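Just below is one structure, and these are the notes that go with it.
Protein chains: 2
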Amino acid sequence: MNQPKRVLIVGAVAGGASCAARLRRLDEQAEIVLFDRGPFASFANCGLPYYVGGVIEDERQLLLASPDLFRQRFNIEVRTRNEVAAIDRSRCEIEARDLATGRLYRERYDALVLSPGATPLRPQVPGVDLPGIFALRTIPDSRDIREWIQTRRPARAVVVGAGLIGLEMTENLVRRGLQVTVVERLPQVMPALDPEMAEPVSRRLETNRVALHLDDAVSAFEADPNGALRVTTHSGRSFAADLVILAAGTRPESDLAKAAGLEVGSSGGIRVDESMRTSDPRIWAVGDAVEVRDLVTGQWRLVPLAGPAQRQARVAVDSICGREARFRGAQGTMVCGFFGLTVALTGATEKDLRGAGISDYQAVYLHPGSHAGYYPGAKPLHMKLIFRRGDGRILGAQAVGEEGVEKRIDVLAVAIQKQATVFDLEECELCYAPQYGAAKDPVNLAGMVAANVLRGDVQLAPWEELPQTVALLVDVRDPDEFAAGHIDGAVNVPLGELRRRIGELPREREIWVYCELGQRSYYAVRFLRQNGFQVRNLSGGYQTYWGWYP
Amino acid sequence: MNQPKRVLIVGAVAGGASCAARLRRLDEQAEIVLFDRGPFASFANCGLPYYVGGVIEDERQLLLASPDLFRQRFNIEVRTRNEVAAIDRSRCEIEARDLATGRLYRERYDALVLSPGATPLRPQVPGVDLPGIFALRTIPDSRDIREWIQTRRPARAVVVGAGLIGLEMTENLVRRGLQVTVVERLPQVMPALDPEMAEPVSRRLETNRVALHLDDAVSAFEADPNGALRVTTHSGRSFAADLVILAAGTRPESDLAKAAGLEVGSSGGIRVDESMRTSDPRIWAVGDAVEVRDLVTGQWRLVPLAGPAQRQARVAVDSICGREARFRGAQGTMVCGFFGLTVALTGATEKDLRGAGISDYQAVYLHPGSHAGYYPGAKPLHMKLIFRRGDGRILGAQAVGEEGVEKRIDVLAVAIQKQATVFDLEECELCYAPQYGAAKDPVNLAGMVAANVLRGDVQLAPWEELPQTVALLVDVRDPDEFAAGHIDGAVNVPLGELRRRIGELPREREIWVYCELGQRSYYAVRFLRQNGFQVRNLSGGYQTYWGWYP
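For the protein sequence lines, the chains are A and B, in the order given. In this text, residue positions in the first sequence follow the numbering used here: the first is 17, and each later residue adds one. In this text, residue positions in the second sequence follow the numbering used here: the first is 17, and each later residue adds one.
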């Protein structure tokens with residue numbers, strides 16, 4: 017009879033816990049031991065900002081499975097407060113430390129899974145370890161912040177970093193009554209987005225009285241004599257704060273792997289093959305600590321998100337059990353919500369594509385309603401679709417709005433997964449009743465706008481060249497819309513008057529047409545083109561303009 | 017120089033209006049005339065129930081484009097209150113009647129597009145034309161109903177038909193304060209769903225004090241002496257009503273096509289090829305009046321929905337303009353909402369598959385939360401996924417719930433369009449933040465549940481054989497759940513006690529395991545199977561049970 021397989025798992029959150037549970041389902045005989053240096057077996061780390069904010073009131077809500085449940089239900093041993101300190105690959109052993117007693121001990125493995133996660137980056141500046149400065153990774157971290165809020169009653173917070181966690185924390189601190197200042201190193205919030213798509217996010221933060229300081233970085237933290245903190249930045253600004261949250265990104269916890277001589281990529285993440293196996297054939301790694309192939313660009317990247325971690329855990333376990341399994345790569349699908357706004361993206365941004373040296377792409381913008389305009393309550397969606405010029409393959413999509421944002425990004429995520437083109441999007445048959453969508457859903461419209469470009473029905477004007485263009489700008493909106501704000505130098509010829517006033521337009525000079533959303537200008541472009549004019553469309557119209565030129 | 021092409025379009029709603037607008041964008045020279053026997057150029061017919069209910073207050077909201085706008089903006093002539101009475105194919109002329117004057121006249125065409133829509137079915141029973149009995153197709157219809165409600169102050173309504181329109185009307189009449197009785201010929205509401213998936217819909221209607229009479233049909237309408245209506249049914253029931261809505265389906269308006277000798281399918285819809293061309297090469301047809309290929313079953317069917325009509329309009333116009341164009345078929349994606357519940361489906365149901373003689377399929381059920389359980393407000397989703405046993409191809413999906421229903425069906429609609437398998441669903445990378453989804457989204461879970469079956473990790477027990485089975489039913493829920501209700505004859509062995517009590521279970525007799533949702537029973541199945549038991553899972557557990565055996 018075979019010896020039962022002994023599998024050790026380092027890290028009990030997300031990927032690690034999933035590994036253990038699936039392994040048990042596939043192999044009733046295996047000995048499974050889960051190590052975690054924290055006090056819990058498995059907890060919902062994506063819920064932590066909402067626990068701080070009090071949306072989730074009871075800490076027990078965050079505990080997904082206790083060590084008892086693991087033992088009783090799955091016959092899995094969980095050793096919390098036990099840290100794996102080293103891997104002895106030649107002997108297939110790990111060295112662990114019981115944090116309660118300090119005892120060091122060794123455990124043999126047949127297979128080892130590393131799921132240590134990622135650790136918040138701490139700016140290397142003076143004072144970063146002062147009391148009142150917190151990062152958020154674990155339940156104890158969130159407890160500390162809650163306690164600080166409850167006992168100190170802070171009024172002012174500085175959040176360092178305007179990414180997903182930073183903005184979720186910002187919302188939750190505002191919810192607790194704090195005045196929040198956000199300091200972000202880059203010139204935009206939500207660095208995962210292209211800058212013009214981040215503009216509506218900035219506006220929403222500002223209308224919720226969040227002070228934004230972009231393109232600036234913290235240079236020091238000091239303790240004021242009155243007990244508050246003083247945060248100074250490279251630009252010379254200075255903010256008083258009663259609480260600081262560090263949310264400037266994370267770093268994969270690959271030190272253990274590195275020390276054991278496992279291959280680590282240039283991003284700092286553990287390098288794995290398609291079956292999540294590291295450079296040692298007895299060791300697998302999953303989750304925020306690994307680097308993965310980007311499905312669109314083909315580049316190695318870090319994708320510290322729970323969804324991919326779950327899929328990686330399945331793949332690793334299948335591989336350990338001798339099944340065929342392949343992680344297909346990550347596409348970076350992401351969503352985040354604050355102040356009633358939802359921001360989501362999937363696939364590559366223009367920044368990603370440029371970073372990967374890819375230039376055969378085109379972007380279009382649209383701003384449809386979340387559902388049929390004739391039914392009350394529709395909210396604008398700001399969408400950007402990026403596709404390959406050569407064949408129309410969808411490369412990425414970004415969307416911002418109050419309703420229906422994540423639905424469209426999910427649909428587009430599957431389209432990217434299945435290598436769909438913009439022509440497929442034109443043909444999607446999606447749910448339509450007036451309170452849910454439109455006969456032409458925003459996803460269909462995105463496909464149509466893009467396909468119109470590829471079929472040569474419309475040529476697009478490049479937004480980035482607007483300040484330098486010698487083209488005549490024609491605004492085809494109604495006069496009252498034009499009067500309320502327009503692009504400098506544009507002339508106003510409302511669409512309804514275009515047939516009649518066609519004689520006013522020059523035939524030798526290129527014309528760039530725009531309207532509010534891009535639909536009326538599309539009609540105008542088709543009309544003018546068929547009448548022999550050289551004409552381009554400013555994709556997405558005035559709604560796109562203020563994203564580019566705020 | 018070429019003569020401009022003369023294109024006549026019959027029917028100005030949805031398909032017809034879209035044809036006209038797109039044709040103008042592609043061909044600035046064409047002469048385009050749009051005929052409609054009604055008073056409007058283009059209106060939002062999917063909004064009519066909500067106009068009756070007062071959700072949409074202003075009738076003008078429903079008017080998408082006026083004849084003036086068509087003329088001014090697009091140089092398109094719209095002849096409302098003009099009915100096309102006949103087609104003279106040999107002379108390429110139509111005969112039209114001006115309904116205001118009664119004048120008959122002829123118009124020549126180079127291309128003719130038929131977009132006449134579908135007409136509500138009227139039961140052929142005595143009294144169906146009595147005052148107070150309405151069907152809902154046009155703005156004047158909805159005006160009549162609104163006026164009847166405002167002037168007569170009806171208290172009781174009977175809605176004939178429990179399909180999409182019937183239930184939307186039911187909700188809107190309840191909203192107006194009426195007590196509604198629904199009479200449906202079939203033994204279930206929402207006939208587009210499989211019966212067990214319609215069960216939560218029935219419950220929701222009943223908790224909103226809607227009286228349901230299924231498996232029954234109206235046999236007569238009479239006028240009571242007191243001015244009310246009396247509705248009697250084949251089963252002998254009788255209801256007093258102050259208002260009756262006929263919503264028992266529609267019939268394609270193919271009489272004009274038939275009279276002209278165009279081919280009509282067995283469903284009664286106009287037969288078209290992939291470019292939406294009828295059997296006459298100068299005549300195209302789109303919308304509710306045509307029959308289309310079902311993308312999943314390959315059968316001809318009627319799909320009277322706005323989304324496919326829009327796509328068909330594009331295809332027809334592209335074909336008229338000499339472009340390559342192909343309607344890929346319809347998959348019947350559909351959504352409808354009432355009383356806070358959303359019902360949606362895409363692709364084939366089991367009924368559809370059986371009707372098409374297809375038996376190589378398997379269905380699984382699941383009941384995940386709409387988002388992560390640890391974040392407040394998650395609502396249960398009832399989902400059914402149908403896939404091909406041979407290769408895992410997704411064939412259809414149905415979902416019912418309060419939140420996130422249409423999102424999952426949209427994702428699955430694209431998956432079906434792109435011929436994805438359940439293995440693809442396991443790997444979908446979808447939006448996850450706790451208020452939007454889960455690290456394993458319901459779509460991922462559906463894929464996993466299905467893939468577990470195809471990989472042989474779980475065998476499913478057939479729900480339909482439950483009453484006859486000789487298997488031992490094991491309920492692995494907790495004792496309090498068992499006590500609150502369980503399947504007759506089941507024994508209770510909670511999952512946590514299964515390892516310890518394994519000796520109590522028989523090795524010779526097949527065991528069917530269930531829990532509340534299907535997840536704990538999956539663990540139990542894996543455990544028992546690896547210990548040598550013959551065991552099957554009742555997919556979706558107790559939540560599925562009450563759909564099958566209400």
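Note that CB positions come from ideal geometry on N, CA and C, so glycine has one too. No experiment lies behind these values; they were computed from the predicted model shown.
Item                                                                                                              : Value
Residue-chain proximity (GLN569(B), chain A), Cβ-Cβ < 8 Å                                                         : A question about residue 569(B) goes unanswered here, because the residues of chain B that appear run from 17 up to 566.
Amino acids of chain B, ordered along the chain, whose beta-carbon sits closer than 7 Å to that of VAL430(A)      : VAL427, VAL430, ALA431, CYS444
Interface residues of chain B facing GLN88(A) [CB-CB closer than 7 Å]                                             : GLY512
Chain B residues whose Cβ lies nearer than 7 Å to that of GLN315(A)                                               : Chain B residues near GLN315(A): none, gap ~16 Å exceeds 7 Å.
LEU24(B) to GLU47(B) span [Cα, whole Å]                                                                           : 8 Å
Residue range of the unbroken alpha helix (DSSP H) whose run includes ASN188(A)                                   : 180-191
Within-8 Å CB hit, ALA28(B) to chain A                                                                            : no
Whole-angstrom distance between ASN468(B) and ASP376(B), CA atom to CA atom                                       : 17 Å
Chain B within 8 Å of TYR539(A), Cβ atoms only                                                                    : yes
Where GLN166(A) falls: helix, strand or coil (DSSP)                                                               : helix
Span separating the alpha-carbon of VAL333(B) from that of SER82(B)                                               : 21 Å
Through-space distance from GLU279(A) to VAL414(A), alpha-carbon basis                                            : Checking the displayed sequence, the identity of residue 414(A) turns out to be Gln instead of Val. Going from the Cα of GLN414(A) to the Cα of GLU279(A) covers about 33 Å.
Interface flag, GLU422(B) vs chain A, CB-CB below 8 Å                                                             : yes
Chain A contact for LYS274(B) (CB, 8 Å cutoff)                                                                    : no
Burial state of GLY505(A), where buried means 16 or more other Cβ atoms lie within 10 Å                           : exposed
C-beta neighbour in chain A for VAL23(B), strict 8 Å                                                              : no
Whole-angstrom C-beta distance between VAL174(A) and VAL141(A), which should lie under 8 Å                        : The pair is not a contact, with the Cβ atoms about 13 Å apart (cut-off 8 Å).
Cβ of THR349(A) within 8 Å of any chain B Cβ                                                                      : yes
Identity of the residue in GLN77(B), ASP145(B), LEU50(B) nearest ASN61(B) by Cα                                   : GLN77(B)
Contacts of GLY63(B) in chain A (Cβ-Cβ under 9 Å)                                                                 : ALA388, TYR390, TYR391, PRO450
CA-to-CA distance, ILE72(A) to TYR390(B), given in whole angstroms                                                : 8 Å
For LYS456(B), the three-state DSSP class (helix, strand or coil)                                                 : coil
Other residues of its chain near ILE13(A): CB distance less than 6 Å, five sequence neighbours each side excluded : Absent from the model: residue 13(A). The displayed extent of chain A is 17 to 566, so no value can be given.
Within chain B, the residues that ASN91(A) reaches when beta carbons sit closer than 8 Å                          : ARG515
Residues that DSSP places opposite ARG404(A) in a beta bridge                                                     : TYR377(A)
Chain-ordered chain A contacts of LYS400(B) [CB-CB under 9 Å]                                                     : Residues of chain A passing the Cβ test: none, with the nearest at roughly 16 Å.
Enclosing beta strand (DSSP E) for ARG22(A) [first to last residue]                                               : 22-26
Residues that TYR121(A) bridges to, as DSSP identifies them                                                       : ALA112(A)
Test item: CB-CB of GLU93(A) and PHE543(B) under 8 Å                                                              : no
Candidates LEU137(A), LEU511(A), GLU532(A), GLU520(A): closest to ASN91(B) by CA position                         : LEU511(A)
Contact under 8 Å by Cβ, ARG95(B) with LEU42(B)                                                                   : no
Proximal residues, the stretch 542-560 of chain B versus chain A, C-beta separation under 8 Å                     : ARG542, PHE543, GLN546, ASN547
Backbone CA spacing between LYS434(A) and ASP440(A) [nearest angstrom]                                            : 11 Å
Which of helix, strand or coil DSSP assigns to GLN195(A)                                                          : strand
Alpha carbon of ASN188(B) to alpha carbon of ALA429(B), nearest angstrom                                          : 28 Å
Straight-line Cα distance separating VAL490(B) from ASN508(B)                                                     : 6 Å
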